[in-house]
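Every position in the sequence shown, counted from 1, becomes a number in my numbering once 2 is added.
Backbone N, C-alpha and C fix where the C-beta goes; we use that ideal spot for every residue, glycine too.
This one's a predicted model, so the numbers in the text were calculated from it and none came from an experiment.
Worksheet: the structure to be examined is printed underneath.
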Amino acid sequence: PAGQGWWRDAVVYQIYVRSFLDSTGDGIGDLAGVRIGLPYLRKLGVDGIWLSPFYPSPQHDHGYDVADYRAVDPVYGDLQEFDLLVSDAHRLGLKTVIDIVPNHCSSAHPWFAEALAAAPGSPARARFHFEDGRGEHGELPPNNWRAMFGGHAWSRITEPDGRPGQWYLHLFTPEQPDLNWRDPRVAADFDDVLRFWLDRGVDGFRIDVAAGLFKHPYLPDSDDPEADERTRDSVNPLAWNQPEVHTVWRRWRAVCEEYTARDGQDRLLVGEVSVPTAAEQARYVRQDELHQAFFFHLLSAPWNADRFRGAIGSALRDIAGTGSTVTWVLNNHDQVRSVTRYGGDSGVLGSPRARAAALLMLALPGAAYVYQGEELGLPEVLDLPDEALTDPIFLRTGSRRYVRDGCRVPLPWSGKASPFGFTAEGSAARPWLPQPAWFAEHTTDRALTDTSSFWHLYRDALSLRKQLPQLGESSLRWLDSTPDVLAFTRGDGLVVAVNFGDHPVPAPVTGQPLLSSAACPTGVLPGNTTAWWIADTRTLQ
Ligand code: TEU
Numbered sequence: 003p004a005g006q007g008w009w010r011d012a013v014v015y016q017i018y019v020r021s022f023l024d025s026t027g028d029g030i031g032d033l034a035g036v037r038i039g040l041p042y043l044r045k046l047g048v049d050g051i052w053l054s055p056f057y058p059s060p061q062h063d064h065g066y067d068v069a070d071y072r073a074v075d076p077v078y079g080d081l082q083e084f085d086l087l088v089s090d091a092h093r094l095g096l097k098t099v100i101d102i103v104p105n106h107c108s109s110a111h112p113w114f115a116e117a118l119a120a121a122p123g124s125p126a127r128a129r130f131h132f133e134d135g136r137g138e139h140g141e142l143p144p145n146n147w148r149a150m151f152g153g154h155a156w157s158r159i160t161e162p163d164g165r166p167g168q169w170y171l172h173l174f175t176p177e178q179p180d181l182n183w184r185d186p187r188v189a190a191d192f193d194d195v196l197r198f199w200l201d202r203g204v205d206g207f208r209i210d211v212a213a214g215l216f217k218h219p220y221l222p223d224s225d226d227p228e229a230d231e232r233t234r235d236s237v238n239p240l241a242w243n244q245p246e247v248h249t250v251w252r253r254w255r256a257v258c259e260e261y262t263a264r265d266g267q268d269r270l271l272v273g274e275v276s277v278p279t280a281a282e283q284a285r286y287v288r289q290d291e292l293h294q295a296f297f298f299h300l301l302s303a304p305w306n307a308d309r310f311r312g313a314i315g316s317a318l319r320d321i322a323g324t325g326s327t328v329t330w331v332l333n334n335h336d337q338v339r340s341v342t343r344y345g346g347d348s349g350v351l352g353s354p355r356a357r358a359a360a361l362l363m364l365a366l367p368g369a370a371y372v373y374q375g376e377e378l379g380l381p382e383v384l385d386l387p388d389e390a391l392t393d394p395i396f397l398r399t400g401s402r403r404y405v406r407d408g409c410r411v412p413l414p415w416s417g418k419a420s421p422f423g424f425t426a427e428g429s430a431a432r433p434w435l436p437q438p439a440w441f442a443e444h445t446t447d448r449a450l451t452d453t454s455s456f457w458h459l460y461r462d463a464l465s466l467r468k469q470l471p472q473l474g475e476s477s478l479r480w481l482d483s484t485p486d487v488l489a490f491t492r493g494d495g496l497v498v499a500v501n502f503g504d505h506p507v508p509a510p511v512t513g514q515p516l517l518s519s520a521a522c523p524t525g526v527l528p529g530n531t532t533a534w535w536i537a538d539t540r541t542l543q
């Protein structure tokens, strides 16, 4: 049975719990802090929240290394605190989506400890990918695959008798052993995990590396072993996107539908499906599989009208046959923040372009995710000292090129100096990543009082999404425009135009815009600006 589809055009706010708000004064955000922040999010006007992993974890990858799928890490709170958070969120009308990490667990998970203590070929080892090495003494890894965050995708263990022994597969860090989804116990255990959280009232799951899970059954060598490491994207066709993964999403969807059948509310499955094309991605979004998959091609497009048009066009085309909607995203906890990505050489264009991109995204048909701090126009923190960096990408490769700490710096809430209200007043602990002095310009307190802030732009756009029927499910129709401009209509009467160029162009419609990312003199669309108008669309070509 289909639920009411609340997710189809929902805007969900991604909370990186560690960096949202610290209620205990240890310098690390926590679930109680999230609870304190809920009224702020309600005021912003989002429909729900997605919580990054808060499970017990040695934190080798900030919780994407889960040691217990059914508990809360004491750093973040406990189950009782989680229950309070869900009920508060629901009272405020916010759906609650949690992150689930099925491709790998932590090497500190009891499953892995049991596997290490057991013999080669034992059932405990069968939960993972344990293989004998190549070479005369098994001293070489079983195949040539590389890990996403650097180095071999295999690590060798010491057998219980003290001798060097088998190798296990990890597509990320060695502390994140990949689970073997060909073992039926793995699927059964995850069914129980889903039910555990659904019974506690969650509205859905964000599925980590949802194109992972299954590997080629024979684990053959790859023709291009460095591909994943080079691009930080899942491109090794032997390690990702295997046809069997769809059986898991069907199974998870069936579990969700059981809950939907009871109360008519959809339980959402949103996948982080990193596959090369929009067409390939659409195969995961089906009536009996995932509801949503993040569309990353918009995020990866540079500030360029053709690239944005191409990304939007392919997303809309490929989703069309699925019965679902596109899931747009401009920022997340793995990517350089949009203000910095679009900044150009001097950086000054970053803010106006990120505002324009936001207003464009929020005018597109479908759902959208907003990453914490995006609504404050936070730039990436690029100058964190090496000693402060915690991202395993940096720790393993020594290169700052793909480092993700800069988009994870704790949020500024108030005041003129660190910790900017992030950490409880009077605590001696510093935020787990240092906040730059210029965060003072981006506090929520300032944003709320300054009507020209990013925050007000997001708030106004979210509120218009609720008021304007055109911004529901109606389709998008492109209007002819000059090369640097994207213009389209939504439904009857809403006209949206984005000027990607630096120079003003004539607006496609006369009259004042309903909402714009920068001040628009009548009849003009300034450079690096998006505007929305209500117009008589019959007069437009
Ligand atoms: O990311 C999956 C993933 O494929 C990443 O390699 C991503 O492409 C990269 O971070 C971009 O720089 C997910 C989580 O979002 C990430 O935070 C985790 O580290 C990773 O899975 C492992 O669980």
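Beta-bridge partners assigned by DSSP to R148: H154. Per DSSP, Q244 lies in no beta strand (DSSP E) segment and is marked neither H nor E.
Under the three-state reduction of DSSP output, E291 falls in the coil class, being neither helix nor strand. Taking the CA atoms as reference points, R208 sits about 25 Å from W457.
With a cutoff of 8 Å, D70 does not count as near the ligand TEU, since its C-beta is closer than that to no heavy atom of the ligand. Scanning the region 500 to 536 for uninterrupted alpha helix (DSSP H) segments of 4 residues or longer gives nothing; none is fully contained. Proximity of the beta carbon of F174 to the ligand TEU is indicated: a heavy atom of the ligand is located closer than 8 Å. If you ignore the 5 residues before and after D80, its C-beta comes within less than 6 Å of the C-beta of V74, all in its own chain and listed in chain order. Between L361 and T524, the gap from beta carbon to beta carbon reaches 9 Å or more. Under a 10 Å Cβ-count criterion, D210 is classified as buried, with 16 or more other Cβ atoms of the shown protein chains found around its own Cβ. Rounded to whole angstroms, the gap between the alpha carbons of D393 and D336 is 10 Å. Contact between R252 and E291 is confirmed by a C-beta separation of about 6 Å, below the 8 Å threshold. When distances are taken from the beta-carbon of M363 to the heavy atoms of the ligand TEU, even the shortest one reaches 8 Å or more.
Using a C-beta cut-off of 8 Å, the region 257 to 265 makes contact with the region 189 to 205, since at least three inter-stretch Cβ pairs fall below that distance. For D385, no beta strand (DSSP E) encloses it, and the DSSP letter there is neither H nor E.
Counting C-beta atoms within 10 angstroms of its own C-beta, Q82 has fewer than 16 neighbours from the protein chains shown and is therefore classed as exposed.
Taking 8 Å as the cut-off, the C-beta of H111 does not count as close to any heavy atom of the ligand TEU. DSSP places F422 in the coil class of the three-state scheme, outside both helix and strand. C-alpha of R165 to C-alpha of G140: approximately 12 Å in a straight line. Residues N501, P506, A520, A521, C522 of the same chain have their beta carbon placed closer than 8 Å to that of P528, with the five preceding and five following residues left out of the count.
Remark: C-beta atoms of F151 and F130 do not approach each other more closely than 9 Å. Between the alpha carbons of L351 and A307 lies a distance of about 15 Å. Judged by the Cβ position, H106 qualifies as a neighbour of the ligand TEU at the 8 Å threshold, a heavy atom of the ligand being closer than this.
Taking the CA atoms as reference points, L496 sits about 18 Å from R311. Rounded to the nearest angstrom, the gap between the Cα atoms of V383 and A155 is 30 Å.
Here DSSP, grouped into helix, strand and coil, assigns T539 to helix. Taking all protein chains shown into account, S124 has fewer than 16 neighbouring C-beta atoms within 10 Å of its C-beta and is therefore exposed.
For P60, the CB contacts under 7 Å within the same chain, skipping 5 residues up- and downstream, are D67, A69, S108, A110, E177 in chain order. Taking the Cα of A213 as reference, the smallest distance to any Cα among V204, V272, D226 is reached at V272.
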